[in-house]
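Visitor: If you're matching positions, the sequence shown starts at 34 in this note's numbering and goes up one per residue. Glycine included, every Cβ here is placed at the ideal spot set by N, Cα and C.
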Amino acid sequence: MKFRRGEIVVLSKPFATAVGQTLFKTVCSGCLRERPALYSCARCGHLRYCDRQCQKTDWRGHRYECRIFAKFALDYLPNEYSRLLARCLRRADTEPDTSEQICGVRRTIKSLVVHEEAKAEADVMQFFAERYLELRTFYKDITAKPDDVLEMFLRIWVNCQSLGEEQPLGIALYLGQSAIDHSCARDHRYGHFYHGTTFVIKALEDAELDFDDIRIPYCNLLQPRSDRQAQLSRWYFTCACPVCSGQLPEIVTTSESDDDEHCVGAVDNSENGSALPVQPLGNSSTKLARISAQLRTTSDPVSVLKAAIACEPEAAAEPNPASKLPVDVHLVRDHTTLQSVWLLAFNALPSAGRHVEAVPYLRAILAFVRRVHGVDGYYHQVLGKALNVCRSSPDAMAMLTDETAEHLELNELLSLGMERDSSRRR
34 MKFRRGEIVV LSKPFATAVG QTLFKTVCSG CLRERPALYS CARCGHLRYC
84 DRQCQKTDWR GHRYECRIFA KFALDYLPNE YSRLLARCLR RADTEPDTSE
134 QICGVRRTIK SLVVHEEAKA EADVMQFFAE RYLELRTFYK DITAKPDDVL
184 EMFLRIWVNC QSLGEEQPLG IALYLGQSAI DHSCARDHRY GHFYHGTTFV
234 IKALEDAELD FDDIRIPYCN LLQPRSDRQA QLSRWYFTCA CPVCSGQLPE
284 IVTTSESDDD EHCVGAVDNS ENGSALPVQP LGNSSTKLAR ISAQLRTTSD
334 PVSVLKAAIA CEPEAAAEPN PASKLPVDVH LVRDHTTLQS VWLLAFNALP
384 SAGRHVEAVP YLRAILAFVR RVHGVDGYYH QVLGKALNVC RSSPDAMAML
434 TDETAEHLEL NELLSLGMER DSSRRR
């Protein structure tokens with residue numbers, strides 16, 4: 034199928050959603066966005082919303098649980114998986130014909146994959162037993178048979194998505210999105226993002242796209258291949274994409290050695306996408322390990338900035354931060370990437386009134402995120418937040434005219450407002 038730039042390729046709304054267990058006070062249960070001020074549900078007082086529209090959107094699921102939640106303190110409400118399970122069971126029972134058309138294919142709740150082998154895994158069945166106990170404790174009106182509850186749980190276990198760019202805000206089950214397979218190799222002809230809870234894939238250029246060839250990443254692409262494969266095994270999936278099969282280079286490669294003096298990293302700093310090797314870091318790798326520890330324990334970005342500067346290899350002569358802060362095995366294994374160091378350093382400079390000095394860090398962050406994620410919702414979010422930090426400095430903003438123009442263009446491109454109706458194709 035031919036799609037024009039900006040045209041929606043896939044649009045999928047959730048079958049059911051549930052806010053994270055500890056985020057009732059800060060995350061809207063309707064759109065699953067984090068907000069500084071939310072309105073509480075007048076009856077139960079626990080779930081919160083941006084406005085009446087978000088409350089109306091969520092009422093399909095909340096109408097049955099509201100009176101139940103009103104009887105319990107916030108800390109005693111069921112786990113988000115239990116809440117999602119209850120919502121899915123109820124909707125499947127009350128709206129059995131619910132379906133979603135994705136590129137001409139009709140998807141129902143029964144279209145979602147169930148892996149029978151999960152029943153043989155003790156940890157999965159233990160988690161199910163805990164959810165089943167909560168279901169029978171809180172939702173006494175749900176009379177589904179145990180086998181039907183287990184089947185729905187397994188559909189959720191394999192197909193549900195965590196929502197939230199920087200941290201998980203909740204979980205959702207999609208009939209349409211769940212049809213899209215994973216790949217670690219990004220296709221820059223299209224990008225995906227979430228408009229609230231609505232999952233969207235848009236064409237980023239005029240392109241011929243076949244739905245069967247569309248892929249999105251379901252794991253952190255900065256993890257080593259072995260870690261990605263281990264994470265994907267939860268979905269009983271072995272990735273054979275061009276990156277995992279060795280046809281394309283890893284975004285980050287690391288030595289198998291745990292020796293601080295011999296760990297070697299590689300970061301893709303080239304124009305054509307090939308990985309450029311980083312020399313053995315020697316003592317720098319132990320410093321990077323200390324940065325990793327600081328990132329987990331400090332809320333002060335200035336101290337991390339100082340640590341990052343102290344860790345810059347002495348041989349790096351260029352003032353570009355991207356050439357000074359290598360990707361190291363410690364940062365990858367601790368889920369703290371080069372982007373994390375840059376982002377904290379970038380935030381530290383404006384807080385000290387050094388906005389102009391922050392601009393190279395901003396560009397390093399954007400280049401790194403774009404290389405890893407492509408032009409998607411996360412890149413757009415990082416770009417917007419970075420520009421907001423610099424907005425109070427006219428000198429910095431004068432240096433960021435290209436980035437500002439890109440953000441305005443992405444505001445239009447990565448939004449539902451630019452939708453060109455492609456329903457004729459579905």
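Considering just the uninterrupted stretch of the beta strand (DSSP E) at residue 133, what are its terminal residues?
Guide: As a position in the sequence shown, residue 133 is number 100, starting the count at 1. For residue 133, the uninterrupted beta strand (DSSP E) segment begins and ends at 132-135.
Visitor: Could you check whether residue 202 and residue 53 sit closer than 7 Å to each other, using their CB atoms as the reference points?
Guide: In the sequence shown, counting from the first residue as 1, residue 53 sits at position 20. In the sequence shown, counting from the first residue as 1, residue 202 sits at position 169. Closer than 7 Å, so yes.
Visitor: Given 6 Å as the limit, tell me if residue 150 has its C-beta closer than that to any heavy atom belonging to the ligand GDP.
Guide: With respect to the ligand GDP, the structure offers nothing, as it holds no ligand at all.
Visitor: DSSP on residue 270, reduced to helix/strand/coil?
Guide: In the sequence shown, counting from the first residue as 1, residue 270 sits at position 237. Reduced to three states, the DSSP call for residue 270 is coil.
Visitor: Quick one, which of 256, 274, 55 and 240 has its alpha-carbon nearest residue 222's?
Guide: Counting from one through the sequence shown, the residue named residue 222 turns up at place 189. Selected option, being the one with the closest Cα: 240.
Visitor: Closest to residue 167 by CA distance: which of 206, 134, 136 and 98 is it?
Guide: Along the sequence shown, read from residue 1 onward, the residue named residue 167 stands at position 134. Selected option, being the one with the closest Cα: 98.
Visitor: On the CB-based measure, 16 or more other CB atoms within 10 Å of its CB, does residue 40 come out buried or exposed?
Guide: Along the sequence shown, one-based indexing puts residue 40 at 7. When all chains shown are included, residue 40 counts as buried.
Visitor: Applying the 10 Å Cβ sphere with the 16-neighbour rule, what's the burial state of residue 407?
Guide: To locate residue 407, count along the sequence shown from 1; it is residue 374. Classification for residue 407: buried.
Visitor: Thinking C-alpha only, which one of 119, 390 and 148 is nearest residue 173?
Guide: In the sequence shown, residue 173 corresponds to position 140, counting from 1. Of 119, 390 and 148, the residue nearest in Cα terms is 119.
Visitor: According to DSSP, which residues form a beta bridge with residue 214?
Guide: As a working mapping, residue 214 is identified with position 181 in the sequence shown. In the DSSP output, where bridge partners are listed per residue, residue 214 has 248.
Visitor: If residue 428 sits next to residue 389, beta carbons under 8 Å apart, how far is it from one beta carbon to the other, in whole angstroms?
Guide: Walking along the sequence shown from the start, residue 428 turns up at place 395. Walking along the sequence shown from the start, residue 389 turns up at place 356. Sure, about 5 Å apart at Cβ, within 8 Å.
Visitor: Would you list, in sequence order, the uninterrupted beta strand (DSSP E) runs of no fewer than 3 residues that lie entirely inside the region 128-171?
Guide: DSSP runs (the beta strand (DSSP E)) wholly in the region 128-171: 132-135 and 138-141.
Visitor: Please go through the region 53-139 and give each complete alpha helix (DSSP H) segment of 4 or more residues, from N-terminal end onward.
Guide: The alpha helix (DSSP H) runs of length 4 or more contained entirely in the region 53-139 are, from start to end of the chain, 85-102 and 113-127.
Visitor: Which residues in the same chain have their Cβ closer than 8 Å to the Cβ of residue 271, if we skip the five residues on either side of it in sequence?
Guide: Here residue 271 refers to the residue found at position 238 of the sequence shown. Same-chain partners within the cutoff: 262 and 265.
Visitor: I want to know whether the region 428-442 touches the region 203-212 - three or more CB-CB distances under 8 Å.
Guide: no
Visitor: Who are residue 45's beta bridge partners in DSSP?
Guide: By 1-based counting over the sequence shown, the position of residue 45 is 12. Paired residue(s): 232.
Visitor: Pull up the distance between the alpha-carbon of residue 162 and that of residue 146, whole angstroms please.
Guide: Your numbering for residue 162 matches position 129 in the sequence shown. Your numbering for residue 146 matches position 113 in the sequence shown. In this model, residue 162 and residue 146 are separated by some 20 Å (Cα to Cα).
Visitor: Is the region 233-252 touching the region 63-77, taking contact as three or more C-beta pairs under 8 Å?
Guide: no
Visitor: State the Cα-Cα distance for the pair residue 42 and residue 186, rounded to the nearest angstrom.
Guide: Residue numbering aside, residue 42 sits at position 9 when the sequence shown is read from its first letter. Residue numbering aside, residue 186 sits at position 153 when the sequence shown is read from its first letter. Roughly 29 Å separates the two Cα atoms.
Visitor: Sorted by chain position, which residues of the same chain lie with C-beta nearer than 7 Å to residue 366's C-beta, five sequence neighbours on each side aside?
Guide: Translated into the one-based positions of the sequence shown, residue 366 becomes position 333. Because residue 366 carries a pLDDT of 33, less than 50, the predicted location of this residue cannot be relied on, and the following value inherits that uncertainty. Around residue 366: no qualifying Cβ.
Visitor: If distances are taken between C-alpha atoms only, which option among 228, 247 and 111 comes closest to residue 219?
Guide: Working through the sequence shown from its first residue, we reach residue 219 at position 186. Closest by alpha carbon: 247.
Visitor: Going by other Cβ atoms of all chains shown within 10 Å of its Cβ, with 16 needed for buried, is residue 78 buried or exposed?
Guide: In the sequence shown, residue 78 corresponds to position 45, counting from 1. Flag for residue 78 reads exposed.
Visitor: Which same chain residues end up closer than 8 Å to residue 425 when comparing Cβ atoms and leaving out the 5 residues on each side of it in sequence?
Guide: If you number the sequence shown from 1, residue 425 lands on position 392. For residue 425, where only same-chain residues beyond five positions count, the Cβ hits under 8 Å are 383 and 388.
Visitor: Would you give the residue range spanned by the beta strand (DSSP E) that residue 194 belongs to?
Guide: Position 161 of the sequence shown, counted from the start, is the residue given in the question as residue 194. First-last of the beta strand (DSSP E) with residue 194: 194-196.
Visitor: Short of 7 Å in beta carbon distance, which residues of its chain neighbour residue 180, apart from the five on each side in sequence? Order them along the chain.
Guide: As a working note, residue 180 is residue 147 in the sequence shown. Once the five neighbours on either side are set aside, residue 180 has no close Cβ partner at all.
Visitor: So, under 8 Å CB-CB, residue 44 and residue 226 are touching, yes? Tell me the CB distance rounded to an integer number of Å.
Guide: Along the sequence shown, read from residue 1 onward, the residue named residue 44 stands at position 11. Along the sequence shown, read from residue 1 onward, the residue named residue 226 stands at position 193. Actually they are not in contact, since the Cβ atoms of residue 44 and residue 226 sit about 11 Å apart, beyond 8 Å.
Visitor: Which residues in the same chain have their Cβ closer than 6 Å to the Cβ of residue 48, if we skip the five residues on either side of it in sequence?
Guide: Along the sequence shown, read from residue 1 onward, the residue named residue 48 stands at position 15. Cβ neighbours of residue 48 beyond the five flanking positions: 206 and 208.
Visitor: In chain order, what residues of the same chain have a beta carbon less than 7 Å from the beta carbon of residue 165, not counting five sequence neighbours either side?
Guide: In the sequence shown, residue 165 corresponds to position 132, counting from 1. Non-local C-beta neighbours of residue 165 in its own chain, meaning closer than 7 Å and more than five positions away in sequence, comprise 182, ordered along the chain.
Visitor: With three or more C-beta pairs closer than 8 Å as the rule, is the region 108-124 touching the region 150-157?
Guide: no
Visitor: Should residue 235 go down as buried or exposed, given a rule of 16 or more other Cβ atoms within 10 Å for buried?
Guide: Translated into the one-based positions of the sequence shown, residue 235 becomes position 202. Residue 235 counts as buried, since at least 16 other C-beta atoms from the protein chains shown sit within 10 angstroms of its C-beta.
Visitor: Verify whether the separation of the beta carbon atoms of residue 116 and residue 51 is less than 7 Å.
Guide: Against the sequence shown, residue 116 aligns to sequence position 83. Against the sequence shown, residue 51 aligns to sequence position 18. Yes; because the gap between Cβ atoms is below 7 Å, this pair is in contact.
Visitor: Tell me whether residue 184 sits in a helix, a strand or coil according to DSSP, three-state version.
Guide: By 1-based counting over the sequence shown, the position of residue 184 is 151. Helix at residue 184.
Visitor: Distance check for residue 399 and residue 415, CA to CA, integer angstroms please.
Guide: By one-based count along the sequence shown, residue 415 stands at place 382. By one-based count along the sequence shown, residue 399 stands at place 366. Answer to the nearest angstrom: the Cα atoms are 8 Å apart.
Visitor: What would DSSP say about residue 410, mapped onto helix, strand or coil?
Guide: On the sequence shown, position 377 is the one that residue 410 refers to. Look at residue 410 here: in three-state DSSP terms it is helix.
Visitor: Can you tell me which residues form a DSSP beta bridge with residue 225?
Guide: Here the question's residue 225 lines up with position 192 in the sequence shown. BP columns for residue 225 point to 234.
Visitor: Decide if residue 256 is buried, meaning its Cβ has at least 16 other Cβ atoms within 10 Å, or exposed.
Guide: As a working note, residue 256 is residue 223 in the sequence shown. Buried, since its Cβ has 16 or more Cβ neighbours within 10 Å.
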